[in-house]
Amino acid sequence: MTTAEKTTYVYANRFVLGGLTEPLRVTPGMVEIRGGRIAAVSEGDSPTIPTLADLQQSKSFDLGDRLVTPTFVNGHTHLAMAAFRGVGSLAARRKNVVEDLFFRLEQDLTGEEVRAFTRLGAYESLLAGVGTVFDHYYQGEAVAEALRDVGVTGVVAPTLQDLAGPGCRGHQAALDATVAIDESARFRAAGVVAAVGPHATDTVSLELWRRSVDLATARDLPIHAHAAQSGEELRRALDRHGTTPLGWLHREGILASSARLLLVHGIHVTERDLLHLDPERHTLGFCPFSQMEFCFPAAIARWHGARVPFLVASDCAASNDSMNVQKELRFVSGMGLLAATFSAAEARFAAGSGTLPDAAAVDLSRTSAFDAWTELRDPEALLSTVWSVPGRLHPALPCGAIEPGCLANLLVLDPNHPTLWPVHDPLRALTMGDVAPAIDWLMLRGEFIGRRGDFHRSVLERGYTAARAEADARLGERLRRLGLGG
Ligand SMILES: [Zn+2]
């Protein structure tokens with residue numbers, strides 16, 4: 000028996016199983032892992048006991064009362080931009096407009112810089128229980144190297160631009176990088192695969208969109224793009240094409256291709272646009288905290304009404320500050336009630352004398368907002384946005400569920416940690432609770448990383464000091480060159 004075929008058996012009283020092809024459920028059981036993937040799952044108090052011969056060839060872990068879930072999947076991020084966290088304040092101090100500063104910060108980024116900065120974002124992701132990221136950035140191979148350095152699994156989309164943006168001059172290199180990542184056995188063995196990454200509808204020509212579709216269909220890769228993310232992009236689409244960004248993708252046949260398409264932000268989307276999306280092939284991406292920084296949160300109830308699946312993601316540290324995608328869920332859960340906050344009934348109540356009919360109207364507005372959001376507040380639906388919805392996007396990297404065939408990426412949580420205790424309702428706790436401090440251990444591709452019970456400290460002992468020193472030096476040098484150094 001070769002090392003790759005060795006089996007790892009993981010026992011626990013509370014696995015969160017299913018979510019991809021079966022309903023999500025919390026149950027005792029045993030998970031069998033081979034070659035970094037989940038090979039089999041058995042449920043119940045008395046799972047299949049491996050034979051002695053099997054056990055001699057294997058490792059087994061009894062996690063007892065721990066809550067064992069898939070690691071989180073961050074379906075849209077640019078990890079290298081960890082280096083630009085809080086850059087808005089820097090811009091204000093230097094009296095630069097943010098857009099101009101961003102453009103300068105990202106101009107001619109080298110592979111070494113991107114690799115060094117991405118590692119920092121990858122460490123932060125691990126600490127938040129994120130085991131897989133969908134990254135979209137310049138110097139894609141450097142992103143893939145950095146994920147491999149830290150051990151995070153991911154889908155890397157080298158950013159394609161040919162009309163505007165810092166990647167404009169290098170779109171052929173980015174297409175080549177996409178192919179190189181896709182063909183690399185070394186990356187694949189590390190759980191790092193490729194997606195095709197046209198940047199957006201206003202920075203990528205129709206010709207490059209078409210080449211993206213051809214590449215994606217020829218290699219069975221998903222397309223990961225921004226779409227309808229800003230007022231500027233909407234105005235450009237209306238100006239150039241006489242329709243919305245999604246209307247244009249539809250009219251030009253991009254949406255009709257068989258490629259799976261992840262379209263992130265969808266802030267300026269009409270009801271007609273949504274009719275053009277096919278739930279089988281198209282997924283929208285919602286990044287609430289980031290969207291609140293650069294635009295406003297998209298109207299996801301409309302997406303949900305049109306039955307278009309969506310994932311929840313963090314976007315980058317420059318517009319979010321946190322890579323903890325699980326924390327986004329609480330906002331999604333409560334977001335619907337903002338309809339009452341900004342309702343005409345509330346404004347009437349506040350401006351008036353606070354009469355009983357006014358109070359009743361406010362109450363009614365709250366109740367209807369609450370009722371309208373029932374399905375979107377459901378913990379199972381919310382967890383799917385950071386587990387199975389992104390986890391099913393790439394055929395070579397199924398993840399986000401404890402089911403046979405998926406990556407063996409497991410999160411082990413301490414139910415007795417003050418942030419989770421007493422876990423009356425595990426799915427609610429995973430949605431609304433503060434999960435990261437309760438991480439006891441984490442498995443990626445079948446291997447536990449760090450020390451059990453001392454996860455956060457032990458992860459930072461795996462090369463973080465050197466990684467940070469390099470990122471510090473490279474960031475300092477870049478800021479000095481731009482005249483922004485301290
Ligand atoms: Zn983005």
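So the sequence shown is numbered by numbering that gives the first Met the number 0: it starts at 0 and just counts up by one. Here a beta-carbon is modelled for each residue, glycine too, at the ideal position from N, C-alpha and C. None of the values given here were measured: they were computed from a predicted structure.
Around the beta-carbon of P356, fewer than 16 other beta-carbon atoms lie within 10 Å, marking it exposed.
Per DSSP, L419 lies in no alpha helix (DSSP H) segment and is marked neither H nor E. For ligand 1, a non-hydrogen atom lies closer than 7 Å to the CB of C315. Per DSSP, reduced to three states, the secondary structure at V203 is coil, with no helix or strand assignment.
Its chain contains A339, S342, A344, E345 and F348 as the residues whose beta carbon lies nearer than 8 Å to that of V361, once the 5 sequence neighbours on both sides are disregarded; these appear in chain order. Here DSSP, grouped into helix, strand and coil, assigns N408 to coil. The straight-line gap separating the alpha-carbon atoms of L205 and Q160 is approximately 11 Å. About 6 Å separates the CB atoms of A121 and A145; that is less than 8 Å, so the two are in contact. As for any alpha helix (DSSP H) of minimum length 4 sitting wholly inside the stretch 234-322, the runs are 244-250, 270-274, 287-293, 299-304 and 316-319, ordered along the chain.
Under the 10 Å beta carbon count, A472 is surrounded by fewer than 16 other beta carbons and is classified as exposed. Note on geometry: alpha-carbon atoms of A305 and N73 lie some 23 Å from one another. Straight through space, the alpha carbons of C315 and H75 are spaced by roughly 8 Å. Our two residues, C167 and Y137, have alpha carbons roughly 10 Å apart in a direct line. Counting along the chain, the unbroken beta strand (DSSP E) around D134 starts and ends at V129 to Y136. Distances from the CB of V263 to the heavy atoms of ligand 1 include at least one below 7 Å.
Not one heavy atom of ligand 1 falls within 7 Å of the beta-carbon of H198. Contact between L409 and P69 holds: CB atoms are separated by about 7 Å, below the 8 Å threshold.
Pairwise C-beta distances place the stretch 213-229 in contact with the stretch 255-271, as three or more of them are shorter than 8 Å.
Inter-residue distance for A82 and T282 is about 29 Å (C-alpha atoms, whole angstroms). Per DSSP, the beta bridge partners of V191 are G153. In the three-state DSSP reduction, F447 falls in the strand class (E or B). Under the criterion of beta carbons closer than 8 Å, L276 and I222 do not qualify as touching, at roughly 13 Å. Judged by the Cβ position, H135 qualifies as a neighbour of ligand 1 at the 7 Å threshold, a heavy atom of the ligand being closer than this. Considering only R187, A188 and V203, the residue with the shortest C-alpha distance to L174 is V203.
By the neighbour-count definition (other C-beta atoms within 10 Å, threshold 16), E476 is an exposed residue. In the DSSP assignment, H225 is bridged to V263. Distance between H303 and L375, taken at the CA atoms: about 8 Å.
Contact check for G445 against T20 fails: the beta carbons are separated by 8 Å or more. The residue from L262, H393, L392 and L443 with its alpha-carbon nearest to that of A189 is L443. Following the DSSP letters along the chain, one finds M431 inside the alpha helix (DSSP H) bounded by residues P425 to M431. In this structure, the C-beta of H75 approaches ligand 1 to less than 7 Å from one of its heavy atoms.
One thing to note: S256 has its Cβ within 8 Å of the Cβ of T216.
Going by beta carbons, D439 and R36 fall outside the 8 Å limit. The stretch 456-467 makes contact with the stretch 115-129, as at least three CB pairs between them are under 8 Å. A straight line joining the alpha-carbon of I299 with that of D433 spans about 23 Å.
About 17 Å separates the CB atoms of P278 and V311; that is not less than 8 Å, and the two are not in contact.
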